[in-house]
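2 protein chains.
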Amino acid sequence: MNLENIRIVLVNTTHPGNIGAVARAMKNMGLSQLYLVEPKLFPSSEADARASGATDILASATVTLTLEEAVADASLVVGTSARGRHIPWPIMDPHQLAGVVASAGQQQVAIVFGREDRGLTNEELQICHHHVHIPSVESFSSLNVAAAVQVVAYELRMAFLRQSDAAKQAPQWGTPWDIELAEHRELELMFEHLESVLVEVEFLDPENPRQLMPRLRRLLQRAMPDKVEVNVLRGILTSVQKKSRSR
Amino acid sequence: MNLENIRIVLVNTTHPGNIGAVARAMKNMGLSQLYLVEPKLFPSSEADARASGATDILASATVTLTLEEAVADASLVVGTSARGRHIPWPIMDPHQLAGVVASAGQQQVAIVFGREDRGLTNEELQICHHHVHIPSVESFSSLNVAAAVQVVAYELRMAFLRQSDAAKQAPQWGTPWDIELAEHRELELMFEHLESVLVEVEFLDPENPRQLMPRLRRLLQRAMPDKVEVNVLRGILTSVQKKSRSR
Numbered sequence: 001m002n003l004e005n006i007r008i009v010l011v012n013t014t015h016p017g018n019i020g021a022v023a024r025a026m027k028n029m030g031l032s033q034l035y036l037v038e039p040k041l042f043p044s045s046e047a048d049a050r051a052s053g054a055t056d057i058l059a060s061a062t063v064t065l066t067l068e069e070a071v072a073d074a075s076l077v078v079g080t081s082a083r084g085r086h087i088p089w090p091i092m093d094p095h096q097l098a099g100v101v102a103s104a105g106q107q108q109v110a111i112v113f114g115r116e117d118r119g120l121t122n123e124e125l126q127i128c129h130h131h132v133h134i135p136s137v138e139s140f141s142s143l144n145v146a147a148a149v150q151v152v153a154y155e156l157r158m159a160f161l162r163q164s165d166a167a168k169q170a171p172q173w174g175t176p177w178d179i180e181l182a183e184h185r186e187l188e189l190m191f192e193h194l195e196s197v198l199v200e201v202e203f204l205d206p207e208n209p210r211q212l213m214p215r216l217r218r219l220l221q222r223a224m225p226d227k228v229e230v231n232v233l234r235g236i237l238t239s240v241q242k243k244s245r246s247r
Numbered sequence: 001m002n003l004e005n006i007r008i009v010l011v012n013t014t015h016p017g018n019i020g021a022v023a024r025a026m027k028n029m030g031l032s033q034l035y036l037v038e039p040k041l042f043p044s045s046e047a048d049a050r051a052s053g054a055t056d057i058l059a060s061a062t063v064t065l066t067l068e069e070a071v072a073d074a075s076l077v078v079g080t081s082a083r084g085r086h087i088p089w090p091i092m093d094p095h096q097l098a099g100v101v102a103s104a105g106q107q108q109v110a111i112v113f114g115r116e117d118r119g120l121t122n123e124e125l126q127i128c129h130h131h132v133h134i135p136s137v138e139s140f141s142s143l144n145v146a147a148a149v150q151v152v153a154y155e156l157r158m159a160f161l162r163q164s165d166a167a168k169q170a171p172q173w174g175t176p177w178d179i180e181l182a183e184h185r186e187l188e189l190m191f192e193h194l195e196s197v198l199v200e201v202e203f204l205d206p207e208n209p210r211q212l213m214p215r216l217r218r219l220l221q222r223a224m225p226d227k228v229e230v231n232v233l234r235g236i237l238t239s240v241q242k243k244s245r246s247r
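If you read the protein sequences in the order shown, they are chains A and B. Just so you know, we're using full-length UniProt numbering here: the first sequence kicks off at 1 and counts up by one. Just so you know, we're using full-length UniProt numbering here: the second sequence kicks off at 1 and counts up by one.
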């Protein structure tokens, strides 16, 4: 587990003070990679003030126009979500998330936080492999974005320290993933390929797609496919196309 | 475990915005008892704004002049601390703290957070039974006070939910503490008694007390004495005094 490989992605943050508070929380917990997707105002003196010394994280932050860009090279993309979205998605609490990230070894991980007033859109949540939910009180469930980052970063640090302690006590045997996981963009290309094949084979009606693609995404992303597996899937799709077109 | 019996105590908070952010974090996690020891400015519109709907917690907050007052009827008093104080004290991380609080049943619990710029004083830390430390990066260790409350409140909520889940699955056998724990003020009277006896028996030199009382506090507070035990200790002290004076 390498905290350097974990990025915090903030989508459309409205209040610059929150960006500063996020930077501080990250630095306190040993995280350093901050991505900002279309922030309303950045850089700003308010963010600097609330960062309280974590201005190095603000200075090195990456600003992007889309969420896609911010997560393109990540192998594990996790979105923060309230409960009860339209389609149920694999959901974890922050402690479970930290366990998954710890077992991801040296992979690039992106944890995505939504807007102050309405979180992430369904489309944004659907490109995430997993969702993480901080178990708040149902009648007052919306955490401040910096508070949410603090909780997640805290659990990541705790997992990191557990792993460091364990590493000190005993040599580590084996790694969970020998083959590199697929990157987000590789998965996206695979899903595009899949969708076109599904249309081609008339399983998917483009006029009435319902929730088919989100459900397939959920299934495959949950499995966190590696690069070889994605190549295999792509190979199958290509074969289906060839067959379909040769009729 | 009853989240209603857990109070968050903020000592000499300088920025009213932080008080509001603390209220929000508490309400998100199901806590409701807020105590403010000599806040610089309260109530305030800035606190209300940052509370983002948790103004009920601000409205019902208890303001006191001293930390003693704020924790007088608590049986477990925990102070948040950076590492490396003068005298080592029993120190836990927030996860361990939540476990201890969960096993405290219906006891009143106070968790004390210090000033934004310099935390709690040594004297304040010494009235705490335990210290809790959020394992931050050593070179950038100081969390925003609302962020620290958020992490602790999150761990308390997680423990509460685990206990609720466990309670649903199996009946609870036994309780860890049959006798009520001593309240803080009962312990204080006992320590005063102890100190006077130690002076009386010339073990403690009031001109040069060194760290004797803090060390005794640490020892006894760590044990979390119940009411009967405190009465026994007081009885011993009274006996010593009688003996000493009858010579």
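The beta-carbon is built from N, C-alpha and C at its ideal position, and this holds for glycine as well.
Asked: Please tell me whether B/Ser136 has its Cβ less than 7 Å away from any Cβ of chain A.; Found: yes
Asked: Based on the DSSP output, what are the partners of A/Gly79 in its beta bridges?; Found: A/Val112 and A/His131
Asked: Identify which residue in A/Gln150, A/Ser244, A/His184 and A/Asn12 has its Cα closest to the Cα of A/Thr121.; Found: A/Asn12
Asked: Let's test the definition: count the other Cβ atoms within 10 Å of the Cβ of B/Gln211 and tell me whether it reaches 16, buried, or not, exposed.; Found: exposed
Asked: Go ahead and pull the three-state DSSP assignment for B/Met92.; Found: strand
Asked: Taking the Cβ atom as the reference point for each residue, do B/Ala146 and B/Val22 lie within a distance shorter than 7 Å?; Found: yes
Asked: Helix or strand or just coil, what does DSSP make of B/Arg118?; Found: coil
Asked: Give the secondary structure of A/Thr175 by DSSP, where H, G and I count as helix, E and B as strand, and everything else as coil.; Found: Per-residue confidence for A/Thr175 stands at a pLDDT of 38, beneath the threshold of 50, marking its modelled position as unreliable; the derived number appears in the next sentence. Note: A/Thr175 maps to coil in three-state DSSP.
Asked: Could you tell me whether any Cβ in chain B is nearer than 7 Å to the Cβ of A/Gln163?; Found: no
Asked: Are the C-beta of A/Gly30 and some C-beta of chain B separated by less than 7 Å?; Found: yes
Asked: Where does B/Lys27 land, buried or exposed, given buried means 16+ other C-beta within 10 angstroms?; Found: buried
Asked: Compute the minimum distance between the beta carbon of A/Glu46 and the heavy atoms of the ligand FAD, and state whether it is under 6 Å.; Found: Looking for the ligand FAD in the displayed structure turns up nothing, as the structure carries no ligands at all.
Asked: Would you mind telling me which residues of chain B sit closer than 9 Å to A/Phe113, beta carbon to beta carbon, in chain order?; Found: In chain order: nothing, as chain B lies at least about 14 Å away.
Asked: Which whole runs of the beta strand (DSSP E) in the stretch 3-69 of chain B are 3 residues long or more, in chain order?; Found: 6-11, 33-37 and 62-64
Asked: Is the number of C-beta pairs between the stretch 66-80 of chain B and the stretch 107-119 of chain B that are closer than 8 Å three or more?; Found: yes
Asked: Which residue from B/Pro225, B/Ser196, B/Glu207 and B/Phe140 puts its Cα closest to that of B/His129?; Found: B/Pro225
Asked: Among B/Ile19, B/Arg218 and B/Val201, whose alpha-carbon lies nearest the alpha-carbon of B/Glu188?; Found: B/Arg218
Asked: Is it buried or exposed, B/Gly20, if we count other Cβ atoms within 10 angstroms and call 16 or more buried?; Found: buried
Asked: Quick check on residue 275 of chain A - is its C-beta less than 7 Å from some C-beta in chain B?; Found: The question about residue 275 of chain A has no answer here: the residues shown for chain A are numbered 1 through 247.
Asked: Give me the Cβ distance between B/Ala47 and B/Gly17, rounded to the nearest whole Å; I'm assuming they're in contact under 8 Å.; Found: 7 Å
Asked: Any C-beta of chain B sitting closer than 7 Å to the C-beta of A/Leu204?; Found: no
Asked: Residue range of the alpha helix (DSSP H) that B/Gly235 falls in?; Found: Lys227 to Ser246
Asked: Nearest CA to the CA of A/Val201: which residue from A/Ala102, A/Gln241 and A/Ala82?; Found: A/Gln241
Asked: If you follow the alpha helix (DSSP H) that B/Val197 is part of, which residue opens it and which one closes it?; Found: His184 to Glu200
Asked: Please list the partners that A/His95 has in chain B, where partner means a Cβ-to-Cβ separation under 9 Å.; Found: His95 and Met158
Asked: Name the residues in the stretch 125-150 of chain B whose C-beta lies less than 8 Å from a C-beta of chain A; which are they?; Found: Ile134, Pro135, Ser136, Val137, Phe140, Ser141, Ser142, Leu143, Asn144, Ala146, Ala147 and Gln150
Asked: For a test of the three-state rule: what should DSSP assign to residue 258 of chain B, helix, strand or coil?; Found: Because chain B in this structure spans residues 1 to 247, residue 258 of chain B falls outside the shown range and cannot be described.
Asked: Taking C-beta to C-beta, are B/Ile6 and B/Leu31 nearer than 7 Å?; Found: yes
Asked: Compare the C-beta of B/Tyr35 against all C-beta atoms of chain A and say whether one is closer than 7 Å.; Found: no
Asked: Run down chain B in chain order and give the residues with a C-beta less than 8 Å from the C-beta of A/Ala21.; Found: Asn144 and Ala147
Asked: Can you find a C-beta in chain A that's less than 7 Å from the C-beta of B/Ala170?; Found: Here the model assigns B/Ala170 a pLDDT of 46, short of 50, so the residue's position is not dependable, and the following value carries that caveat. With 7 Å as the cut-off, B/Ala170 does not count as an interface residue toward chain A.
Asked: Just to confirm before moving on: does the CB-CB distance between A/Ala182 and A/Lys227 stay below 7 Å?; Found: yes
Asked: B/His15: which of B/Val152, B/Pro94 and B/Arg115 sits nearest, CA to CA?; Found: B/Arg115
Asked: Does A/Leu156 come out as helix, strand or coil in the three-state DSSP assignment?; Found: helix
Asked: Would you list, in chain order, the members of the stretch 47-65 of chain B that have their beta-carbon closer than 9 Å to a beta-carbon of chain A?; Found: Arg50, Ser52, Gly53 and Ala54
Asked: Could you tell me the boundaries of the alpha helix (DSSP H) in which A/His214 lies?; Found: Strictly speaking, residue 214 of chain A in this sequence is Pro, with His absent from that position. Looking at the DSSP string, the run of the alpha helix (DSSP H) that includes A/Pro214 is Leu212 to Arg222.
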